[in-house]
Every structure is written in structure tokens, then in C-alpha cells.
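Following UniProt numbering, the numbering of the sequence shown begins with 1 at its first residue and continues without gaps.
Even glycine gets a Cβ: it sits at the ideal position worked out from N, Cα and C.
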Amino acid sequence: MTYIVNDSCIACKYTDCVEVCPVDCFYEGENMLVIHPDECIDCGVCEPECPADAIRPDTEPDMEKWVEFNRKYSEMWPVIITKKDPLPTAEEMDGKEGKMELFSENPGEGG
Numbered sequence: 001m002t003y004i005v006n007d008s009c010i011a012c013k014y015t016d017c018v019e020v021c022p023v024d025c026f027y028e029g030e031n032m033l034v035i036h037p038d039e040c041i042d043c044g045v046c047e048p049e050c051p052a053d054a055i056r057p058d059t060e061p062d063m064e065k066w067v068e069f070n071r072k073y074s075e076m077w078p079v080i081i082t083k084k085d086p087l088p089t090a091e092e093m094d095g096k097e098g099k100m101e102l103f104s105e106n107p108g109e110g111g
């Protein structure tokens, strides 16, 4: 089992999760985070920290696409281990549907 980040993170990018991760398996894109599924140790401490409810276990239905999505971008983006301010759109976008159209493949700064 692993945890993944889904599209609920897009345009919010809360980083509360990175502070509690004991293995530093979060990676930062321009407008969301992902978890490297091979580095995640399945401890689950990050899941309750996410205000957008974007972190889910891969055992939930239809999570295979998110495991591959997280794997792909965690291999392209820099690791993030330090909490940062959420995106300015976070409150407005939290809970919105259809956020994949806003997704950016660009890397974040990491750190």
C-alpha cells in the first residue's frame, strides 16, 4: 500500500503534509504536490494533515491512475520537506471539482 495525492491538491498546494512525512517522499510541482509511491512507507501520518483531503490510500477504488500519476511527477519534480504558504487560490479552490484542467506539469521550487 501507498498513499497518493489526487487532483484536490491542484491550485491549493497546502504543504502541511511535508512536515510530518518521516521519509521525505513529497515532490513539488508548480500548483500541487505528489508522493513517490516507492518511497512512501504507508505510515499515513500525512493524510489527516491535508486540509483539502487530497491524500488518499491507494487501496480505495480507482486509485491505480493516481499511483502512476504520482510516480510520474515525483520522478520529474524536486523533493519538498519544508512547509510553505499555500497558493493564493487555495481557499477559493478547495473542494472544487474539475481541477485537472488547471494542472501544471511545471516543477515547483522544492526545499
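- The closest CA to that of Gly98, considering only Asn6, Met1 and Thr2, is found on Asn6.
- Three or more beta-carbon pairs drawn from the stretch 5–24 and the stretch 86–105 are found closer than 8 Å, and the two stretches are therefore classed as touching.
- Every beta strand (DSSP E) stretch that sits fully inside the stretch 41–82 and reaches 3 residues is listed by chain position as 55–57.
- With 16 or more other Cβ atoms from the protein chains shown falling within 10 Å of its own Cβ, Thr2 counts as buried.
- Straight across, the Cα-Cα distance linking Ile55 with Glu68 is about 15 Å.
- Between Asp53 and Ser104, the beta carbon gap of about 21 Å keeps them out of contact (Cβ cut-off 8 Å).
- Under DSSP, Tyr14 shares a beta bridge with no residue.
- Within the same chain, and ignoring the five residues on either side of Cys25 in sequence, the residues whose Cβ sits closer than 7 Å to its Cβ are Ile35, His36, Glu39 and Cys40.
- In this structure, the straight-line span from the alpha carbon of Lys72 to that of Ala90 is close to 24 Å.
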